[in-house]
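To start, the structure under review is shown below, and the notes come after it.
Protein chains: 2
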Amino acid sequence: MPLPPARRAPTLGDVAAAAGVSKALASLALRGADGPSAASRARVEEVAARLGYRADRAASLLARRRSHLLGVVMQVRSSYHAELVDHVQAAADEAGYEMVLSPVTRTHDEERAVRTLLDERCEALLLLGPDAPTARLQALAAERAVVAVGRRTSAPGVDVVRSADDVGVGLVVAHLAGLGHRELALVGGGSGVIARDRRRGFEQAARASGLRGRVLPGGSTEEDGASAARALMGGGTTAVVAQNDRVALGVLDVLARAGVDVPGALSVTGYDDSALARLAHVDLTTVDQGAEAQARAAVAAAVERLDGGRTARREVVVEPRLVVRGTTGPAPHD
Amino acid sequence: MPLPPARRAPTLGDVAAAAGVSKALASLALRGADGPSAASRARVEEVAARLGYRADRAASLLARRRSHLLGVVMQVRSSYHAELVDHVQAAADEAGYEMVLSPVTRTHDEERAVRTLLDERCEALLLLGPDAPTARLQALAAERAVVAVGRRTSAPGVDVVRSADDVGVGLVVAHLAGLGHRELALVGGGSGVIARDRRRGFEQAARASGLRGRVLPGGSTEEDGASAARALMGGGTTAVVAQNDRVALGVLDVLARAGVDVPGALSVTGYDDSALARLAHVDLTTVDQGAEAQARAAVAAAVERLDGGRTARREVVVEPRLVVRGTTGPAPHD
DNA sequence: TTGAAAGCGCTAACAA
DNA sequence: TTGTTAGCGCTTTCAA
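Line by line, the protein sequences are chains A and B.
Position 173, counted from 1, in the first sequence is what the numbering used here calls 173; the numbers after and before it change by one each time, with no gaps.
Position 200, counted from 1, in the second sequence is what the numbering used here calls 200; the numbers after and before it change by one each time, with no gaps.
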């Protein structure tokens with residue numbers, strides 16, 4: 001069976017021979033480690049460039065017994081995850097780590113995605129909004145550094161980076177209360193840990209402000225928002241708190257088609273401050289979860305375990321921030 | 001410096017020793033190769049399971065000089081790419097290959113993403129809608145199997161899988177012409193290869209049907225669609241052909257807010273048949289590019305080069321399919 | 001059916 | 001500053 005590249009790729013040995021030095025010296029020179037003289041270094045680099053040499057990660061990994069690889073499990077269809085990944089990539093670059101992604105798809109569940117990353121010998125796993133039960137997370141943490149991002153878990157050994165979802169929803173409710181709204185509806189009473197936290201925050205905040213806050217079941221997609229909006233119209237609700245921006249978009253879309261004035265007749269809020277929310281024509285009031293801060297904290301947590309030898313569990317909670325835009329306004333008089 | 005996992009992971013040697021066989025035998029048994037007796041095989045498997053053995057890919061890669069890894073470069077924020085990746089993953093699973101993703105982000109351009117994958121020793125690169133110039137693609141193809149997905153290129157040695165964009169847009173124009181529309185506008189006259197193909201298809205089809213078809217500049221996001229829609233309202237245009245679904249969504253959103261009846265006053269079409277288009281409340285007439293067929297063809301092309309030894313360039317063109325939904329209707333009488 | 005031994009391409013001691 | 005020597009954990013001859 002023919003090997004993929006027709007001709008054999010040049011090895012360190014080839015470079016060393018062509019430059020007239022030992023493999024060890026060539027290795028040091030190419031990695032920029034100190035030791036080699038400026039002259040040797042230059043010569044080795046020149047030869048390597050000429051030969052088109054590229055280090056074999058498998059071999060170097062094997063020899064160093066480090067891969068310097070961070071594995072990220074993400075929901076490939078989630079725009080919020082895309083945003084996190086963007087920032088994780090940047091943070092990983094700065095920390096001198098490589099990053100690979102393993103997506104959760106219809107045919108490839110979270111467990112499978114994790115296994116792919118383990119097989120790649122990733123040194124740490126960053127799990128974005130993982131579904132896995134506590135026991136599984138704990139077992140994973142026994143063999144690899146694991147950071148759960150955006151979701152609480154008490155699994156021992158698992159670092160957690162998340163934003164305070166209940167606080168975030170509380171900010172939204174307080175904002176609406178300040179605008180005079182008395183009848184709120186939360187869309188997205190899903191079953192996940194995240195949905196639960198947001199629902200709890202909503203109910204607590206509503207109670208604290210003396211408002212009526214009802215909860216509509218639903219998932220986390222535009223579709224869910226759309227059907228909730230239909231169910232809602234004509235009721236006494238004056239403000240809709242969506243579980244995330246995608247749901248809010250579904251709500252807004254249905255309202256627009258029905259000719260309902262936003263925010264004149266109904267205020268709408270999202271959650272995530274995703275790119276969607278920032279679009280000029282959407283201009284959605286939402287909550288910034290601090291995606292960048294979370295991404296950086298997650299990478300930092302992994303690196304601390306890998307390079308710093310930390311073993312104690314750590315939990316980083318990023319403060320959410322209310323972003324007021326054009327979809328919220330004073331409650332209508334009636 | 002402490003190694004990441006506190007305790008050393010069990011190696012093949014450990015398993016072999018515990019099972020009382022040689023490493024070679026253990027290796028064969030665990031890979032399901034034939035040779036070992038059923039009894040040895042069972043014993044080795046049992047021991048491996050008990051020890052929680054997991055083969056070190058780096059070592060096995062090094063020894064076999066194959067990685068069986070497919071690398072995919074994608075735009076992490078593109079929902080269409082997400083869809084492709086989903087299908088690529090499935091096809092790769094079936095073909096016995098692993099897949100890893102390297103996303104293009106703000107800080108990590110396409111070239112960087114490619115390099116990460118090369119460093120991982122991916123045997124083939126599937127580039128989704130690549131920006132790279134022909135010369136670069138050609139150079140890449142000299143050292144690795146390369147498949148460009150969704151974009152034409154004449155780069156020698158690069159396989160291409162795409163759908164016939166001009167044909168697809170032609171279907172849309174014919175559909176609108178059949179509904180009596182005479183004044184069309186294409187939104188998204190970007191500079192990429194894909195945008196160019198769609199524009200060309202639009203202009204040709206409009207000419208062929210004797211329609212007026214004007215082209216509005218713009219990119220490929222909701223934002224671009226929104227501003228184009230604002231520019232368009234009040235003109236004589238009765239149908240808007242968006243370059244992709246995201247652009248169409250931006251158009252629809254602005255129209256809904258302005259109270260324009262779709263499709264009564266204005267018909268709108270998208271391109272991609274993404275999940276967005278299928279949402280009940282969006283119900284967008286669009287073009288299915290055959291994402292699954294493209295993904296499968298791309299994996300097949302890579303595998304043929306890797307396992308089948310094919311070296312000749314191949315181009316697979318998937319026929320697009322018009323998907324008529326609720327955003328197109330008869331041209332308004334005036 | 002099984003085992004011994006030789007590498008894969010690299011890094012890390014250690015010696016010069 | 002440079003070179004020599006052992007491996008890393010696996011697969012693969014080849015011989016038993």
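Don't be surprised by glycine CBs; every beta carbon is placed ideally from N, CA and C.
Straight-line Cα distance separating residue j from residue i
i       : j       : result
R182(B) : T238(B) : 7 Å
L336(B) : A164(B) : Residue coverage of chain B in this structure runs from 1 to 334, which leaves residue 336(B) outside it and unanswerable.
A331(A) : Q289(A) : 26 Å
R57(B)  : R65(B)  : 11 Å
A298(B) : V104(A) : 20 Å
G180(A) : A265(A) : 13 Å
L117(A) : L117(B) : 14 Å
T107(B) : R152(B) : 26 Å
E98(B)  : E111(B) : 22 Å
T11(B)  : G170(A) : 51 Å
S267(B) : A248(A) : 25 Å
A256(B) : S102(B) : 37 Å
M1(B)   : F202(A) : In this predicted model, M1(B) has a pLDDT of only 31, less than 50, meaning its place in the structure is not dependable enough to derive any value.
E94(B)  : L127(B) : 20 Å
A336(A) : R162(A) : Because chain A here runs from 1 to 334, residue 336(A) falls outside it and cannot be looked at.
S22(A)  : A48(A)  : 14 Å
Y271(B) : T286(B) : 5 Å
Q343(A) : L184(A) : Limits of chain A in this structure are 1 at one end and 334 at the other, which puts residue 343(A) out of reach.
S67(B)  : V147(B) : 18 Å
A39(A)  : G71(B)  : 37 Å
L284(B) : A229(A) : 19 Å
A59(B)  : R196(B) : 46 Å
D190(A) : G326(A) : For clarity, residue 190(A) is Gly in the given sequence; the question names Asp instead. Roughly 27 Å separates the two Cα atoms.
A6(B)   : E143(A) : Legend: pLDDT at A6(B) = 39, less than 50; position of this residue unreliable, no value from coordinates given.
D34(A)  : A63(B)  : 30 Å
L125(A) : G236(A) : 46 Å
A26(A)  : A16(A)  : 6 Å
G329(B) : D253(B) : 18 Å
R305(A) : S37(B)  : 43 Å
Alpha helix (DSSP H) segment containing residue i, residue limits
i       : result
Q294(A) : 291-306
A242(A) : From DSSP, A242(A) is part of no alpha helix (DSSP H) but of the beta strand (DSSP E) over 239-242.
T116(B) : 110-119
D253(A) : 245-257
Y80(B)  : 79-95
L30(B)  : 23-31
D224(B) : 222-232
R152(B) : R152(B) -> no alpha helix (DSSP H), and no H or E assigned at all.
A42(B)  : 38-51
V15(A)  : 12-19
V193(A) : 193-209
R278(B) : 275-278
L61(B)  : 57-64
Span of the beta strand (DSSP E), counted from its first residue to its last, around residue i
i       : result
E98(B)  : 98-104
R212(A) : 212-216
V187(B) : 183-187
Residues bridged to residue i (per DSSP)
i       : result
T285(B) : T269(B)
L125(A) : G71(A), V146(A)
R162(B) : V317(B)
A331(B) : None, per the DSSP bridge assignment.
V323(A) : T286(A)
Segment contact, 8 Å Cβ cut-off, at least three pairs: the segment 173-182 of chain A with the segment 203-218 of chain A: Of all C-beta pairs linking the segment 173-182 of chain A to the segment 203-218 of chain A, three or more are shorter than 8 Å, placing the two stretches in contact.
Inter-stretch contact (C-beta, 8 Å, three-pair minimum) for the segment 217-224 of chain B and the segment 303-323 of chain B: Flag = no, the segment 217-224 of chain B and the segment 303-323 of chain B do not touch.
Residues in the segment 184-213 of chain B having any Cβ partner in chain A nearer than 8 Å: From the segment 184-213 of chain B, no residue has a Cβ closer than 8 Å to chain A.
Contact residues within the segment 281-315 of chain A, judged by C-beta distance below 8 Å to chain B: Identification of residues in the segment 281-315 of chain A having a C-beta nearer than 8 Å to some C-beta of chain B yields H281, V282, R305, L306, D307, G309, T311, given in sequence order.
Residues, ordered as in the chain, of the segment 37-63 of chain A that lie near chain B by beta-carbon distance below 8 Å: Those residues of the segment 37-63 of chain A that come within reach of chain B (Cβ to Cβ, closer than 8 Å) are G52, R54, A55, D56, R57, A58, A59, L61, L62.
Interfacial residues, the segment 73-86 of chain B to chain A, with Cβ spacing under 7 Å: Legend: CB atoms of the segment 73-86 of chain B lying less than 7 Å from CB atoms of chain A belong to residues V76, R77, S79, A82, V85, D86.
Cβ-based contacts, 8 Å cut-off: residues of the segment 113-143 of chain B near chain A: The residues in question are T116, L118, D119, E120, R121, E123, A124, E143.
Contact set between the segment 92-107 of chain A and chain B, restricted to residues whose Cβ is under 9 Å from the partner: Listed by position, the residues of the segment 92-107 of chain A near chain B (Cβ gap below 9 Å) are D93, E98, M99, V100, L101, S102, P103, T105, R106, T107.
Chain B contacts made by the segment 254-271 of chain A, where a contact means CB separation under 8 Å: Hits within the stretch, in order: V254, A256, R257, G259.
Residues, ordered as in the chain, of the segment 217-231 of chain B that lie near chain A by beta-carbon distance below 7 Å: For the segment 217-231 of chain B, residues whose beta-carbon sits nearer than 7 Å to a beta-carbon of chain A comprise E222, E223, A226.
Residues within the segment 166-178 of chain A neighbouring chain B, beta-carbon criterion of under 8 Å: Of all residues in the segment 166-178 of chain A, none comes within less than 8 Å of chain B when Cβ atoms are compared.
Contacting positions in the segment 232-256 of chain B - beta carbon closer than 7 Å to chain A: Along the segment 232-256 of chain B, going in chain order, the ones with a CB nearer than 7 Å to a CB of chain A are G250, D253, V254, A256.
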